[in-house]
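Undergrad: Sequence positions in the sequence shown follow our numbering and run 538 to 1474.
Virtual Cβ for every residue (Gly too), placed ideally from N, Cα, C.
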Amino acid sequence: MSTAEQQVAGMIRYSVLGRLRAELDGRELTLGTPQQRAVLALLVLRRGHLVTPEDVVAAVWGEAAPASADNLVQTYVARLRRLLEPGRPRRAPARVLVSAGRGYVLTVAPGCCDLDVFEDRLRQAGAARAAGDPEGAAGHLRAAIGVSAQGQFDLGGWDALADVPGPYAAAQRARLTEQYLVAAEDLCSAELELGRAAALVPALSGLVAAHPLRERPRALLMQALYRSGRQAEALAAYSDARAHLSRELGLEPGPELRDVQRQILAGQPLRAEPPAPAPARVPVPAQLPYGGGDLVGRSSEVEHLDRLLGDSGLIVTITGPAGVGKTALAVQWAHRHAARYPDGQLHLDLRAFTPGAEPLSTEDALAHLLRGLGVAAADIPAGLDDRAALYRTLAAGRRLVLVLDNAPDARVVRPLLPGTRSALVVITSRNRLDGLVAREGARPVLLDVLTPEAAVDVLRSVAGDQRIDAEPDAAARLADLAGRLPLALRIAGARLAAHPGRPVAELAAELDDEHRRLAALATEDGDLTVRAALDVSRSHLDAAARDLLALLGLVPGPAFSGHLAAALAGRTLAEIRPALGALVTAHLVIEAGPGRYGLHDLVRLYARALPVPGREATAHRMLDFYVDQAVRGCALLSPATSFHPLTLTYPPADPVPLDSYDDAIACLDAERENMLAAMRWAAGHGWDQHTWQLPYASFSYFKFRDFEGESVATHERALDAARRLADREAERRTLGNLSLTLTLRGEHAQAAALAGELLDIARADGDRDLEYRTRCNLGYMLRHVGRLGEAVEHLNAALDMSDVDNPAGQAHVLANLGDCHQALGAPETALALMARALRLNETIGEHREQAAVLNSIAGLHAGLGQLPEALAAYEDAARVSAELITTGQHVDALTGIGDTLASLGDPEGARSHWRRALSVLGDTNRAPAEALRARLA
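1. Report all residues from its chain with a CB closer than 8 Å to the CB of V1457; omit the five preceding and five following residues, and keep chain order.
2. With a threshold of 6 Å on Cβ separation, who are the neighbours of A914 within its own chain once the five nearest residues in sequence on each side are excluded?
3. Could you give the distance in angstroms between the alpha-carbon of G834 and the alpha-carbon of P879?
4. Taking the alpha helix (DSSP H) that I1475 belongs to, which residues open and close that run?
5. Where does T864 fall in DSSP's three states?
6. Going by C-alpha distance, which of L587, W1229 and S1248 is nearest Q1237?
7. Report all residues from its chain with a CB closer than 7 Å to the CB of G881; omit the five preceding and five following residues, and keep chain order.
8. Can you have a look at V593 and say buried or exposed, based on whether 16 or more other CB atoms are within 10 angstroms of its CB?
9. Between which residues of its own chain and R779 is the CB-CB distance below 6 Å, once the five residues before and five after are set aside?
10. What's the call for T589, buried or exposed, on a 16-neighbour Cβ count within 10 Å?
11. Taking the alpha carbon of G1362 as the reference point, which residue from L1325, G743 and A596 has its own alpha carbon closest?
12. Are the beta-carbon atoms belonging to L973 and A932 less than 9 Å from one another?
13. Kindly give me the distance between the Cβ atoms of F1097 and N1211, rounded to whole angstroms, as I take these residues to be in contact under 8 Å.
14. By Cβ distance below 7 Å, which residues in the same chain neighbour D1225 in space, the five residues on each side in sequence not counted?
15. Specify the secondary structure class of G663 as computed by DSSP and reduced to three states.
16. Are F999 and A1012 close, meaning C-beta to C-beta below 9 Å?
17. Can you tell me where the alpha helix (DSSP H) with P1409 in it begins and where it stops?
18. Tell me whether the beta-carbon of A1348 lies closer than 9 Å to the beta-carbon of I1381.
19. Report the rounded CA-to-CA distance for A815 versus A919, giving the unit in angstroms.
20. So, with DSSP's three-state summary, where would you put E785?
21. Per DSSP, what are the beta-bridge partners of C1357 in this structure?
22. DSSP beta-bridge partners for L1275?
23. With 16 as the cutoff for other CB atoms within 10 Å, does G1020 come out buried or exposed?
24. Determine the contact status of T1122 and D971, defining contact as a CB-CB distance below 9 Å.
25. Among G624, L737, C649 and V701, which has the Cα closest to the Cα of R679?
26. What span of residues does the alpha helix (DSSP H) with T1437 cover, start to end?
27. Note down the Cα distance separating N1333 from H1358, rounded to an integer number of angstroms.
28. Residues bridged to D1006 by DSSP?
29. By Cβ distance, which residues of its chain are closer than 6 Å to A1388, with the 5 residues on each side in sequence left out?
30. Does DSSP classify G683 as helix, strand or coil?
31. So for A894, helix, strand or coil by DSSP?
32. Check each candidate in R712, A675 and G766 and name the one with the smallest Cα separation from A721.
33. What does the alpha-carbon distance come out to for the pair I964 and S1074?
34. Sort out for me which residues DSSP pairs A823 with in a bridge.
35. Cβ of A1144 within 9 Å of Cβ of L1086?
36. In whole angstroms, give me the CA-to-CA distance for L1142 and H1124.
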């Protein structure tokens, strides 16, 4: 956490050990709706750690999530940001509740959450006990649970998160209540050791009444009564405990209660806590598999796990896709800390994803664990409940490591968890185990593919340093082709090791063929294959999820929205959400951001090979989805542009909601790579209708974002497709957009040639509107190739044809005429034309054109030596262009301000504006950037 973040976060204090509260500078905040409080509670309890939108949905609604849950999460997060940082400027980055990766992280300063203070007191109490200081331990425990003084005190407890709904809050409420009760019991034990028995009787009586099934408070009450000279009452307390346990559970009192009763009957002096009964002499289990060697590329995950591990036990879920190295991490980390758990290590492969093996049932799993704890096969109970009860009894109080590998889901795992805080439990699964996180407080660790460097290190560890270092580029390529997945990397390394003379580049070339890659990622004996691992994951899906995975193999780009997945299936997002969620849970689909998803490279190849009934129709549904999205998005980006209506065969049933300029630019930015890939795909398959429609629909976006190079290639293909279709309107629209794109890229001569073709078509068709627009564009293009007379002729003709109801068009023509007259050496005429264009653009709120005209006016003033007027115009241009999605006009304005200030004798002001312009451009090799660097030098 940076110093600035600490200062901001340090002004906010959180309370979870009662009603959820947040105070900003001592003022309690109003936390909003119950669901919004549930979101904040999750963020506070997971403070400093990533919380994904899916975590929020599971915590707040569980399995009853509404269809609008994703949107609600974004709304609640936005409201909480405004609440926690009320003075933050609208576009400034958040510093308390920040976006990170696929979700959010709440920054909480040290000591600013009451739970941190409570747990710190518990750690101090434990240290005091270990140092033989019962008085110190008692003091820290009193402070932890809110007991203010010695003598009479109340152990009334707290109702943590009392006003917070949702399954996560319920689970955490139970966890925090258990922590409180254990702390209260520890305090009573310390007070007994200090000789304060009489004062404890009322408090312990209250604890027993509130929690009659807990045996430790009853044992402590018996001791307190006996030490206070109330032997008969102590024995009566035992009788009451026995009657209650027998009536409610059908059980006899446990060894702790029985031991206290025996000591009282014998008149023996009592210790503060009776010793635990001596365990049966059975071998200490040591079942962890071999965990030697280096865990390549997982140092950050190991460090994170180390930080999670405290004095008490822990439940960790390690999840991720097939072959990502979950078992290796779990086993090696368990070995790393085995010495802290002297009562043994248990390991059990639940075989949920083992090819050719039946998954282990919960009953059989419990039998394995009981045998590991020394129970003879003949003594293992028959029923599930009886096995689970005996297992928890034997594990109680023991410091054990338990690794449950290859788990299918939380339902199977839950009965295998020891009912004790002293054990370390590590669970691996290809499925997300959100239920264990929400109910049992498990700490999730999600494994992804390795970094490029770590992936090469895995190859090196298998094939040898010399082999890999001899061909570093080929090794890096091989690692990428293996998807940086540890299983695939080790298979590739093993194939190299088996053939010492084979060049690394040769194996990389074999994997470069997408059709052969999965087959190549198999050991020669067939024992390990990536395809088999993915087959097992797919076999665990229901039919809807299997079908959806095959459809997603058609997506040509790197990531996709949930709405696109719905379009592929011809359904709504709500209808496919369960199948999409199942794929995410199985780690066959990854979450690339709120509402966006992706496939790992090898999973994408696997999905592409799956059969898809009606493959071509499905592809057309996807292409129609992108056309629809581009048309609606560009209509918001350029509302003055008239779109030729496009006919869609498969209009999406659930299109992406786009309601504003910001929605449109965010959506199209996210989909840019997909749209380009879809354009190439449509052209490659000979689907001419989509080959011209997609570039046409997205033209305004690519123009605004300055992606001329990409737009030229797509429009050239589009023009060929339109001519093959003999679609006159498609040809006209595409010719116009291609010529504009070429001139934006500076290729004015070629652009003018195409515009001339379009002018001939417009005249032949008698289309005055198209003729007008083409003459406007021709004037601009011809000016840039020095044909000023022709340019003025076309622009004057366009001005005569312009409609008074089209102020944007008139302003465009006037601005171009002004540029022509400037080039002809008539700056005063140019200024007058520019002033008319500026007034029209101001009237209609056309900010991009307004900024361009202001920059031109500033340049004219500068050329006339009118520097104050030039500076004022440049500053107006900078102000108008600051919020535009394109950077060109803003860079020109800042550069012009710098140039003018330099001419006015203000070099520092000039440098400041040139640096700002360079930062807007970015550190590129583009000519404007080089020119700015030259000015600064």
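TA: Well, looking at it:
1. T1424, H1427, V1428 and L1431
2. none
3. 29 Å
4. This structure cannot settle anything about residue 1475, because the visible part of the chain is limited to 538 through 1474.
5. helix
6. Per the sequence shown, the amino acid found at residue 1237 is Ser instead of Gln. Of L587, W1229 and S1248, the residue nearest in Cα terms is S1248.
7. V821, P822, A823 and L937
8. buried
9. P790
10. buried
11. L1325
12. no
13. 7 Å
14. A1258, R1261 and L1262
15. helix
16. Looking at the sequence shown, residue 999 is not Phe but Val. Result no, Cβ atoms of V999 and A1012 do not sit closer than 9 Å.
17. It is Ala, not Pro, that sits at residue 1409 in the sequence shown. It spans L1404 to S1418 - the alpha helix (DSSP H) in which A1409 sits, taken as one unbroken run.
18. yes
19. Any reading at A815 is ruled out, since the residue's pLDDT is 35, under 50, leaving its predicted position unreliable.
20. helix
21. In the DSSP output, where bridge partners are listed per residue, C1357 has none listed.
22. L1275 is not bridged to any residue.
23. buried
24. yes
25. L737
26. G1425 to S1440
27. 12 Å
28. Note: D1006 sits in no beta bridge, so no partner.
29. A1414, V1417, S1418 and Q1426
30. coil
31. coil
32. A675
33. 17 Å
34. Q882
35. yes
36. 15 Å
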